[in-house]
Amino acid sequence: MDELNVRKSSKVVINLFLALFIVYLINLLYIPLHDLYKGVNHLSFHTFLELFSIFVCFSISSYGWHAYNDTKMMSSLWIPSVFFAVGFLDLLHTLSYPGMPHFITDASIAKTSWFWIFARFTATFSFFYLVILKDRVSPVQSRKLFMAGTLIYTLLLSFIVIKFEDQLPLLSDGQPSVLKDSFEYLISSILLLSIIIVTKRYLKTKTASELDLVLAFSFLFISEVMIIAYSSMLDFKIIISHICKAVGYGYIFKYFYFSKMELSFKQKSEVETSLKLTQGLLESVFINTADSIIILNNEKKIVRVNETFSRIFKQPKELVLGLTLAEVIPEHMAKIEKTIAQMIRQNVMTESKIIAQKKGNQVHYLKHTVFPVTSDYGENIYTVIITRDITKQVQDEERIRSAQQELKETAKLQQGTIFKFKRIQSRFIFTLCEGHLLKVISPNGTNLVGKDIEHYFSPEVIKRGLPFFKRAWNGEEVSFDIIIQKRNLIVTLKPVKRKGYVLEVIGSSLDVTQLKQTEALLQKSEKLALVGELAAGLAHEIRNPLTALKGFTQLLDSTSNQANKNYINIMLGELDRLESITNEFMVVAKPQAIKYEIYDLKNLIHSVCVFAGPQALMNNVDMHVAFHTSNTSVYSDVNQLKQVLINLIKNSFEAMPNGGTLGIELDQVEESHLTIRITDNGSGIPKEIIPKLGEPFYTLKEKGTGLGLMVSFRIIEAHKGTIQFESEENVGTTVEIRLPLAKEEQINHEHKSAKTSLPS
Numbered sequence: 005m006d007e008l009n010v011r012k013s014s015k016v017v018i019n020l021f022l023a024l025f026i027v028y029l030i031n032l033l034y035i036p037l038h039d040l041y042k043g044v045n046h047l048s049f050h051t052f053l054e055l056f057s058i059f060v061c062f063s064i065s066s067y068g069w070h071a072y073n074d075t076k077m078m079s080s081l082w083i084p085s086v087f088f089a090v091g092f093l094d095l096l097h098t099l100s101y102p103g104m105p106h107f108i109t110d111a112s113i114a115k116t117s118w119f120w121i122f123a124r125f126t127a128t129f130s131f132f133y134l135v136i137l138k139d140r141v142s143p144v145q146s147r148k149l150f151m152a153g154t155l156i157y158t159l160l161l162s163f164i165v166i167k168f169e170d171q172l173p174l175l176s177d178g179q180p181s182v183l184k185d186s187f188e189y190l191i192s193s194i195l196l197l198s199i200i201i202v203t204k205r206y207l208k209t210k211t212a213s214e215l216d217l218v219l220a221f222s223f224l225f226i227s228e229v230m231i232i233a234y235s236s237m238l239d240f241k242i243i244i245s246h247i248c249k250a251v252g253y254g255y256i257f258k259y260f261y262f263s264k265m266e267l268s269f270k271q272k273s274e275v276e277t278s279l280k281l282t283q284g285l286l287e288s289v290f291i292n293t294a295d296s297i298i299i300l301n302n303e304k305k306i307v308r309v310n311e312t313f314s315r316i317f318k319q320p321k322e323l324v325l326g327l328t329l330a331e332v333i334p335e336h337m338a339k340i341e342k343t344i345a346q347m348i349r350q351n352v353m354t355e356s357k358i359i360a361q362k363k364g365n366q367v368h369y370l371k372h373t374v375f376p377v378t379s380d381y382g383e384n385i386y387t388v389i390i391t392r393d394i395t396k397q398v399q400d401e402e403r404i405r406s407a408q409q410e411l412k413e414t415a416k417l418q419q420g421t422i423f424k425f426k427r428i429q430s431r432f433i434f435t436l437c438e439g440h441l442l443k444v445i446s447p448n449g450t451n452l453v454g455k456d457i458e459h460y461f462s463p464e465v466i467k468r469g470l471p472f473f474k475r476a477w478n479g480e481e482v483s484f485d486i487i488i489q490k491r492n493l494i495v496t497l498k499p500v501k502r503k504g505y506v507l508e509v510i511g512s513s514l515d516v517t518q519l520k521q522t523e524a525l526l527q528k529s530e531k532l533a534l535v536g537e538l539a540a541g542l543a544h545e546i547r548n549p550l551t552a553l554k555g556f557t558q559l560l561d562s563t564s565n566q567a568n569k570n571y572i573n574i575m576l577g578e579l580d581r582l583e584s585i586t587n588e589f590m591v592v593a594k595p596q597a598i599k600y601e602i603y604d605l606k607n608l609i610h611s612v613c614v615f616a617g618p619q620a621l622m623n624n625v626d627m628h629v630a631f632h633t634s635n636t637s638v639y640s641d642v643n644q645l646k647q648v649l650i651n652l653i654k655n656s657f658e659a660m661p662n663g664g665t666l667g668i669e670l671d672q673v674e675e676s677h678l679t680i681r682i683t684d685n686g687s688g689i690p691k692e693i694i695p696k697l698g699e700p701f702y703t704l705k706e707k708g709t710g711l712g713l714m715v716s717f718r719i720i721e722a723h724k725g726t727i728q729f730e731s732e733e734n735v736g737t738t739v740e741i742r743l744p745l746a747k748e749e750q751i752n753h754e755h756k757s758a759k760t761s762l763p764s
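Residue numbers (the numbering used here): 5 to 764.
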């Protein structure tokens, strides 16, 4: 409990103790005091004390009436009405007291007693209602009706008392009747219950103002006790009762003023002060703002403008008052009228489009904002137009757009890609991605900005690249190679740091696919050159001894007995194989002269099939030939192409030692190429071996050299064609040779050559 509550509690205890002590002294010294008092000036004391109570009641009513405007609470509505009724009934009680002059009707003990009872009933039950119910916003729309009801209530009670005062007497032979005592006991009980409720509420909330209410109910309770105990109209206890009632009303006034009304008055004062400050602030803003402000009335006439208006529109503000916008700024009227119409429809702040205003050789850009000023009833009473000169803003935005466009175009022209990403909730999100390479890695033209790296790329790409992205986000500069859409890329990531923290990562990627292919071709070329030199040396060194060995072996064969012939035949077979290898070396070392001519591939395929037919029968292979196009002419060296087909068909036979099926198809692809497709159902080639086919000395055959395929690749490449292998183990292999069709100028040239070669 704070110091204020401690002091307040002590004060309450002291006051209650003094009040009870006074009551005790009165009872103790009642006879001496009563004999001393003897009713001297009883009417004067009674009237003075009642007038004080009446003054307190009407004061509370008046303050509460004014406080309701600010609070709109039930207590502020209830208090004025209750205290008005109590004050009015106490006034009638005073005026009808025996000894008072005539007022409407003669004074009588019955009237004044009934007015006393009704005043106490009204006050006690109203106070009790305020105690037990929680204060809330009043649902009553008009307090005047509520006050009118209170006035009717008091007038009705007054009429009943004056009309029927003798029907239910409250006094009998000058003494209180049972009815009066019952009323007084009921009132005392309600007051005692109120004391208990307020005390418990104080112990719970520790609100200091609740103690004033405890004192008020306590003194009113003592007042009722004294009234119950009085013996005659001139009894000194009546004076004590009225004193306690006056003190109780004083504490009630204090409670309601400091807990309810003072707060509302203080709030009102603060609101008025705040309103003045706000008005001053708004006036200062109106005068000193860099924007032009125009205020129109409902007739669309200007009632006020500020200094900035004169600077922007070059018109004195004193001369535009009372004029319309059409008279002041006619060049802006079309857009402003449209904006005002939109504001009226939507009843909200509305902005116009940017208006270009020419001043000499310069163009100024203005923007109008229009909003309504409404009354408490929602009616538009003024229209405010704020005009801002946004020339610098427009120019800055244009420069920014130009710089952004230039940067974007530069990034798009970049042969690789430039990108940025950030980490947002453990995900890497692209914030920029531009460049020529973007069309390759994103073939559908998808914009990667805003995309999650992990959700866009394939799992293989993520597995390869994500660790490097994490390292870059941790502040490390990294570079790595990766394959995306069959493209070899070199990716570089560099973090951007501020105060030791990584804000984003800038990356770039470069397509090195062609570079890697060039490196591979260079390595292959170097290897072929080495093979050529080796082949030339071997062929030259081996050929002469080989001829001698073969000749002497044949001589031995003619003179040897039958037992040695088997060995000699084996030797001759191996010498033939060695001679064949030597011939292959010679082909590699010394390419034959190429003679290109227009040739029909159908004829070439037929001749190769006739040549390979016997070997197919020996190997139990069924050969099938199919032509799917009539345009079958190519510009080629027919002998070299025949060598390629024989090599490939021979390889297919060897892949089917137990027999099988060999298919040869000729078809046209696109408009410029023919395809020869050779298909077998042999043992197949492992997928990891296919990229190495065509390399010298790389072969799957036990007795092969790999030079046959190497020569075949070289021949097809010389014809500007390609060879591709597709194979599946234990299923078969398909070889596709792609050759360009003979061009029209090549055919015409061939015809001219044929004509010139004819004898004249």
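The C-beta atom is built at its ideal place from N, Cα and C for all residues, glycine as well. These numbers were taken from a predicted model, which means no experiment stands behind them.
How long is the line joining the alpha carbons of residue i and residue j, rounded to whole angstroms?
i, j, result
"Pro102", "Leu183", "21 Å"
"Asn301", "Gly153", "43 Å"
"Tyr600", "Ser640", "5 Å"
"Lys767", "Glu214", "Nothing can be reported for residue 767: it is not among the residues displayed for the chain, which extend from 5 to 764."
"Glu341", "Ala294", "23 Å"
"Leu32", "Leu160", "Residue placement at Leu32 is flagged as unreliable, the pLDDT there being 47, under the threshold of 50; the coordinate-derived value follows with that caveat. Distance between the alpha carbons of Leu32 and Leu160 is about 42 Å."
"Thr328", "Glu335", "13 Å"
"Val196", "Lys138", "A quick correction: the sequence has Leu, not Val, at residue 196. Cα to Cα, Leu196 sits roughly 20 Å from Lys138."
"His106", "Ser100", "8 Å"
"Phe631", "Leu745", "15 Å"
Does the Cβ of residue i have 16 or more other Cβ atoms within 10 Å, making it buried, or fewer, making it exposed?
i, result
"Thr563", "exposed"
"Arg349", "exposed"
"Asn607", "exposed"
"Ser186", "exposed"
"Thr378", "exposed"
"Ile2", "Residue coverage of the chain in this structure runs from 5 to 764, which leaves residue 2 outside it and unanswerable."
"His372", "buried"
"Gln644", "buried"
"Met622", "exposed"
"Lys724", "exposed"
"His610", "exposed"
"Arg124", "buried"
So residue i is in the beta strand (DSSP E); what residue range does that whole segment cover?
i, result
"Pro376", "366 to 378"
"Pro695", "Unbroken run through Pro695: none, as it is neither H nor E."
"Asp393", "384 to 393"
"Glu438", "431 to 438"
Could you spell out where the alpha helix (DSSP H) holding residue i opens and where it closes?
i, result
"Leu452", "It is not in any alpha helix (DSSP H) - Leu452 carries neither H nor E in the DSSP assignment."
"Thr209", "182 to 209"
"Met151", "147 to 168"
"Thr126", "113 to 136"
"Ala630", "No alpha helix (DSSP H) holds Ala630; the beta strand (DSSP E) holding it covers 625 to 631."
"Pro471", "463 to 477"
Measure the beta-carbon distance from residue i to residue j and round it to whole angstroms, keeping in mind my assumption that it falls under 8 Å.
i, j, result
"Leu666", "Met627", "5 Å"
"Gly326", "Ile306", "7 Å"
"Glu169", "Ile231", "Rounded, the Cβ-Cβ distance is 19 Å, inconsistent with contact."
Given a cut-off of 9 Å, decide if residue j and residue i are closer than it, judged by their beta-carbon atoms.
i, j, result
"Leu497", "Arg468", "no"
"Lys520", "Asn478", "no"
"Thr557", "Leu576", "yes"
"Gly736", "Asp684", "yes"
"Glu480", "Leu470", "no"
"His50", "Ile243", "yes"
"Thr109", "Ile166", "yes"
"Ser804", "Phe223", "One cannot answer for residue 804 here, as it falls past the ends of the chain, which runs 5 to 764."
"Phe150", "Leu81", "yes"
"Val648", "Ser716", "yes"
"Ile333", "Val388", "no"
"Gly156", "Asp216", "Note that residue 156 corresponds to Ile in the displayed sequence, not to Gly. No, the pair does not count as a contact, with Cβ atoms beyond the cut-off."
"Val625", "Cys613", "no"
"Gly688", "Ala722", "no"
"Val309", "Ile297", "yes"
"Gly68", "Ile58", "no"
State yes or no: is the beta carbon of residue i nearer than 9 Å to at least one beta carbon in chain D?
i, result
"Glu523", "Looking at the structure shown, chain D is missing, and only one protein chain is on hand."
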